[in-house]
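A.B. asks: Below is one structure. I have some questions about it.
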Amino acid sequence: MLKKINSFINILMGGFIGAFIGGSIFRYLDYKNHPELFAMQSAPWYTGIQISGIVFWIVFIVVAVISLIFSLPMMAWKLLYN
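So for the sequence shown, this note's numbering puts the first residue at 1; every next one is plus one.
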């Protein structure tokens, strides 16, 4: 059961990484194609990427800690019984 949960958490972390990278690429390409829209804003075009990056790292650290919590019993089981 712990192995399935750990696999799901690893897939979740990969999904967060992919979503962050994909969103960042989309925002960059949108800026390159429509710079006049971003010129009207008071904030730089990359502010959204920075905010997403901060949220990404918070979520990633929380999920990594949860993954570590679930993987420690599996490692202890392997050391004791193998």
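The C-beta atom is built at its ideal place from N, Cα and C for all residues, glycine as well.
Buried or exposed, going by whether 16 or more other CB atoms sit within 10 Å of the CB of isoleucine 58?
C.D. replies: exposed
A.B. asks: Answer with buried or exposed for isoleucine 21, where buried requires no fewer than 16 other C-beta atoms within 10 angstroms of its C-beta.
C.D. replies: exposed
A.B. asks: Which value, in whole angstroms, describes the spacing of the CA atoms of isoleucine 54 and histidine 34?
C.D. replies: So the alpha carbons of these two residues sit roughly 25 Å apart.
A.B. asks: Starting from methionine 40 and walking both ways along the alpha helix (DSSP H), at which residues does that stretch end?
C.D. replies: Looking at the DSSP string, methionine 40 is not in any alpha helix (DSSP H), and its letter there is neither H nor E.
A.B. asks: What is the C-beta distance between phenylalanine 70 and isoleucine 5, in whole angstroms, given that I count them as a contact (C-beta under 8 Å)?
C.D. replies: 5 Å
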